[in-house]
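Undergrad: Quick one: this structure, given as structure tokens, is what I'll be asking you about.
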Amino acid sequence: MADSTIDSELFILYDRLPGEPDASLAVPYGGFTGATHHNVAAAAYPIGTKIEVYNTTGVAGWTRFVYGQLEEVDGTNALKVKMFCALDATDLSPYAFTNEVATQIGESVSPIVAGISTMTENYFGWFWCGGVCPEEYVATMCDNFYTTGDVAIGPITTGNLATPGTTAGEIGLELPNAVTDLIIGWSFSLDAA
Amino acid sequence: MADSTIDSELFTLDDRWPGDADPGLAQDPPRDGFDGTDHNNVAAAAYQVGQKIQVYNDGTTGKAGWSTFIYLQVGTQDVTTVIAAKSLVVPDSNTTYYQVTNDPARAVCLPCGMAAYAIGAVTNAYYAWFWCGGVCPETFDSDLAGTYATDGNVVAGDLTAHVLAAGVIGLGPRAAGEGCIGFSIAGDVT
Numbered sequence: 000m001a002d003s004t005i006d007s008e009l010f011i012l013y014d015r016l017p018g019e020p021d022a023s024l025a026v027p028y029g030g031f032t033g034a035t036h037h038n039v040a041a042a043a044y045p046i047g048t049k050i051e052v053y054n055t056t057g058v059a060g061w062t063r064f065v066y067g068q069l070e071e072v073d074g075t076n077a078l079k080v081k082m083f084c085a086l087d088a089t090d091l092s093p094y095a096f097t098n099e100v101a102t103q104i105g106e107s108v109s110p111i112v113a114g115i116s117t118m119t120e121n122y123f124g125w126f127w128c129g130g131v132c133p134e135e136y137v138a139t140m141c142d143n144f145y146t147t148g149d150v151a152i153g154p155i156t157t158g159n160l161a162t163p164g165t166t167a168g169e170i171g172l173e174l175p176n177a178v179t180d181l182i183i184g185w186s187f188s189l190d191a192a
Numbered sequence: 000m001a002d003s004t005i006d007s008e009l010f011t012l013d014d015r016w017p018g019d020a021d022p023g024l025a026q027d028p029p030r031d032g033f034d035g036t037d038h039n040n041v042a043a044a045a046y047q048v049g050q051k052i053q054v055y056n057d058g059t060t061g062k063a064g065w066s067t068f069i070y071l072q073v074g075t076q077d078v079t080t081v082i083a084a085k086s087l088v089v090p091d092s093n094t095t096y097y098q099v100t101n102d103p104a105r106a107v108c109l110p111c112g113m114a115a116y117a118i119g120a121v122t123n124a125y126y127a128w129f130w131c132g133g134v135c136p137e138t139f140d141s142d143l144a145g146t147y148a149t150d151g152n153v154v155a156g157d158l159t160a161h162v163l164a165a166g167v168i169g170l171g172p173r174a175a176g177e178g179c180i181g182f183s184i185a186g187d188v189t
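Here the protein sequences line up with chains H and F, keeping their order. Here the first sequence is numbered in numbering that gives the first Met the number 0, starting from 0 and rising by one per residue. Here the second sequence is numbered in numbering that gives the first Met the number 0, starting from 0 and rising by one per residue.
Next up, the structure:
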């Protein structure tokens, strides 16, 4: 099936990564994409730190960011905002991500996060990991996210895009194909296929 | 398939027990650690049952990340294989969710979607801390390092609590209709 897209306001992510948000943490200095802590070579927060904030642009509701490492980045389809990432099969940490099919732990078996900007390989930064799309906090996260073209109303998992690209990335949302697929979110609509 | 094992650093637990961790207790952790004798494996509960504490495993031992402990009561454990560190326990009672057992014959439901790991020996009817969420808290209890029993079928993906061929409760891949207690980042050692 051909890849497709779904609007940012039509699905939510389930946070499957260890840990609860730290209620004492506010929005980081300069926002989640602030240069002192996002896309940096040395971690500015303990990896796995989560911040939950209330989003009012797009769909109102709670949204979560997690601080992790971009362990691998695809050489052709470099990470950009709205590209999905899965857990990396080399580092095997629950907070080490890759946007590359070849280095993920497997299709439909990984928790998911979404990049909030371009990032350098091995650098640390914030990723969207749960709740509604945080458009209030990262304006460029609005509009379409990529799917494998079969997303329906109901649970969603990760899927390898049929046509990876510099905009789409390599990993998208997908309708679960097997009962063992790891559920990483919920769609309120069909994708645009 | 023969039973197998998976390393403590290759899976995480989803906390499926009621309630969130108490942020206040994270600042005032149990005296002498989670296995302190004032509160762990004690006849009278030193904390409310179901109480949770989230801690940060700093990665000096095991994987860095968040871990959650829960305070539970052992119901009746397996007389042959008694509860020890790394024993997987599940509810022992249809009416009291926080009473747990490691005995497959007594478990309310297997495969089970609520499970936790013991951090040491616990006497029947006694109260203790169990690892119920996140990465393995090896920094806080070195007895939890090493391997954990599986059914030999674990691959990356969701996990559930199964009966193993050895007659104990361990990890297995989630199948249709089964509850989920966490996810594996890799396969077990077959």
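Idealized CB from N, CA, C, for every residue including glycine.
Confirm, please, whether the CB-CB distance from residue 156 of chain H to residue 180 of chain H is below 8 Å.
TA: yes
Undergrad: Identify which residue in F/48, F/151, F/114 and F/187 has its Cα closest to the Cα of residue 177 of chain F.
TA: F/114
Undergrad: Report the residues of the stretch 134-161 of chain F with a CB closer than 8 Å to any CB of chain H, ordered along the chain.
TA: 134, 154, 155, 156 and 157
Undergrad: What residue does the alpha helix (DSSP H) around residue 25 of chain F start on, and which one ends it?
TA: 22-25
Undergrad: Examine chain F for any beta-carbon lying closer than 8 Å to the beta-carbon of residue 129 of chain H, and answer yes or no.
TA: no
Undergrad: Does residue 76 of chain F get closer than 8 Å to chain H when you measure Cβ to Cβ?
TA: no
Undergrad: Thinking residue 132 of chain F and residue 66 of chain F are a contact (beta carbons under 8 Å), I'd like their distance in whole angstroms, please.
TA: 7 Å
Undergrad: Could you have a look at residue 32 of chain H and say whether DSSP puts it in helix, strand or coil?
TA: coil
Undergrad: Bridge partners of residue 12 of chain H, per DSSP?
TA: H/130 and H/184
Undergrad: Considering only the alpha carbon of each residue, which of F/29, F/22 and F/70 lies closest to residue 44 of chain F?
TA: F/70
Undergrad: Flag this pair as yes or no: are the beta carbons of residue 141 of chain F and residue 9 of chain F separated by less than 8 Å?
TA: no
Undergrad: Would you say residue 175 of chain H faces chain F, with C-beta separation under 8 Å as the test?
TA: Closer than 8 Å: no.
Undergrad: Taking only beta carbons into account, state which residues of the stretch 122-133 of chain F come closer than 9 Å to chain H, listed in chain order.
TA: Cβ contacts with chain H come from 132 and 133.
Undergrad: Which of helix, strand or coil does DSSP assign to residue 163 of chain F?
TA: coil
Undergrad: Using a beta-carbon distance cut-off of less than 9 Å, what residues from the stretch 21-43 of chain H approach chain F?
TA: 21, 22 and 23
Undergrad: Mind pulling the chain B residues with CB within less than 7 Å of residue 33 of chain F?
TA: Going by chain labels, chain B is absent from the structure shown, which instead holds the protein chains H and F.
Undergrad: When you compare each of H/37, H/34, H/120 and H/100 to residue 111 of chain H by their alpha carbons, which one comes out closest?
TA: H/100
Undergrad: Is it true that the stretch 9-28 of chain H meets the stretch 44-59 of chain H, where meeting means three or more beta-carbon pairs spaced less than 8 Å apart?
TA: yes
Undergrad: Just how far apart, CA to CA, sit residue 107 of chain H and residue 128 of chain F?
TA: 33 Å
Undergrad: Compare the beta carbon distance of residue 65 of chain H and residue 94 of chain H with 8 Å and say whether it is the shorter of the two.
TA: Residue 94 of chain H sits close to residue 65 of chain H, with the two beta carbons spaced by under 8 Å.
Undergrad: Note down, one range per segment and in chain order, each beta strand (DSSP E) of at least 3 residues found wholly within the stretch 53-141 of chain F.
TA: For the stretch 53-141 of chain F, the full-length beta strand (DSSP E) segments reaching 3 residues or more read 64-73, 87-90, 98-100, 115-117 and 126-133 along the chain.
Undergrad: Check the DSSP bridge columns for residue 48 of chain F and list the partner residues they point to.
TA: Looking at the DSSP assignment, residue 48 of chain F forms no beta bridge with any residue, so it has no partner.
Undergrad: With 16 as the cutoff for other CB atoms within 10 Å, does residue 221 of chain F come out buried or exposed?
TA: No answer is possible for residue 221 of chain F: the residues shown for chain F start at 0 and end at 189.
Undergrad: Once the 5 residues before and after residue 17 of chain H are set aside, which same chain residues still bring their CB inside 6 Å of it?
TA: 93
Undergrad: Just to make sure I have the definition right: I need the residues of chain H whose C-beta is within less than 9 Å of the C-beta of residue 64 of chain F. Which are they?
TA: Within 9 Å Cβ-Cβ: 16, 17, 18, 45, 46, 47, 92, 93 and 94.
Undergrad: Buried or exposed for residue 82 of chain H, going by 16 or more other Cβ atoms inside 10 Å?
TA: buried
Undergrad: What's the gap between the Cα of residue 55 of chain H and the Cα of residue 22 of chain F?
TA: 26 Å
Undergrad: Less than 8 Å between CB atoms is the rule here; does residue 19 of chain F satisfy it with respect to chain H?
TA: Closer than 8 Å: yes.
Undergrad: Does the beta-carbon distance from residue 190 of chain F to residue 5 of chain F come in below 8 Å?
TA: This structure gives no information on residue 190 of chain F, because the portion of chain F shown stretches from 0 to 189.
Undergrad: Which first and last residues belong to the beta strand (DSSP E) in which residue 6 of chain F is found?
TA: 3-6
Undergrad: Which of the three DSSP states, helix, strand or coil, is assigned to residue 86 of chain H?
TA: Three-state result, residue 86 of chain H: strand.
Undergrad: Have a look at residue 149 of chain H and residue 162 of chain H and give me their C-alpha separation to the nearest angstrom.
TA: Approximately 14 Å, taken between the alpha carbons.
Undergrad: Under 8 Å, Cβ to Cβ, is there at least one residue of chain F near residue 137 of chain H?
TA: no
Undergrad: I'd like to know whether the C-beta of residue 47 of chain F is nearer than 8 Å to at least one C-beta of chain H.
TA: no
Undergrad: When the distance is taken between beta carbons, is residue 73 of chain F closer than 8 Å to residue 123 of chain F?
TA: yes
Undergrad: Would you give the residue range spanned by the beta strand (DSSP E) that residue 266 of chain H belongs to?
TA: Here chain H has residues from 0 to 192 only, and residue 266 of chain H is not among them.
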